[in-house]
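Q:
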Amino acid sequence: MDQLIAAQHELHGRIGRTCENLRKAGAAKLSVPLVQSALANLAGKWTKFEEQHDRLLLKYGEAFSATEYNTSDFVSTVEMVYLQQ
289 MDQLIAAQHE LHGRIGRTCE NLRKAGAAKL SVPLVQSALA NLAGKWTKFE
339 EQHDRLLLKY GEAFSATEYN TSDFVSTVEM VYLQQ
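Start counting the sequence shown at 289; every next residue gets the next number (my numbering).
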């Protein structure tokens with residue numbers, strides 16, 4: 289369970305850096321295909337996050353309910369970061 293939660297935190301960071309990584313590409317390299325690719329990657333990361341969250345719920349049940357990840361509503365925090373990208 290701890291490894292899956294750590295993976296969720298890592299995905300949170302990757303989701304949050306999407307716009308920053310696009311800015312690093314620079315204005316000269318910024319293009320519609322690059323933005324579309326970044327958005328597709330972002331959507332894929334969010335899908336993976338949701339799948340892993342569901343796995344945590346189903347596999348660890350009550351033990352998962354007591355984790356800080358769950359009690360702090362981490363999934364909502366990451367969802368807001370995703371929507372702001």
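All residues carry an ideal CB built from backbone N, CA and C; glycine is no exception. Everything numeric in this text was worked out from a predicted model, so none of it was measured.
Just reading off the alpha helix (DSSP H) that M289 is part of, what are its end residues?
A: Unbroken run through M289: none, as it is neither H nor E.
Q: Expressed to the nearest angstrom, what Euclidean distance is found between the alpha-carbon atoms of F337 and A316?
A: C-alpha separation (whole angstroms): 32 Å.
Q: Between the segment 317-332 and the segment 342-358, can you find at least three pairs of beta-carbon atoms closer than 8 Å?
A: Segments in contact, no.
Q: Label K234 either buried or exposed according to how many other C-beta atoms from any shown protein chain fall within 10 Å of its C-beta, with 16 as the threshold for buried.
A: Past the boundaries of the shown model lies residue 234; the chain is included only from 289 to 373, so the question cannot be answered.
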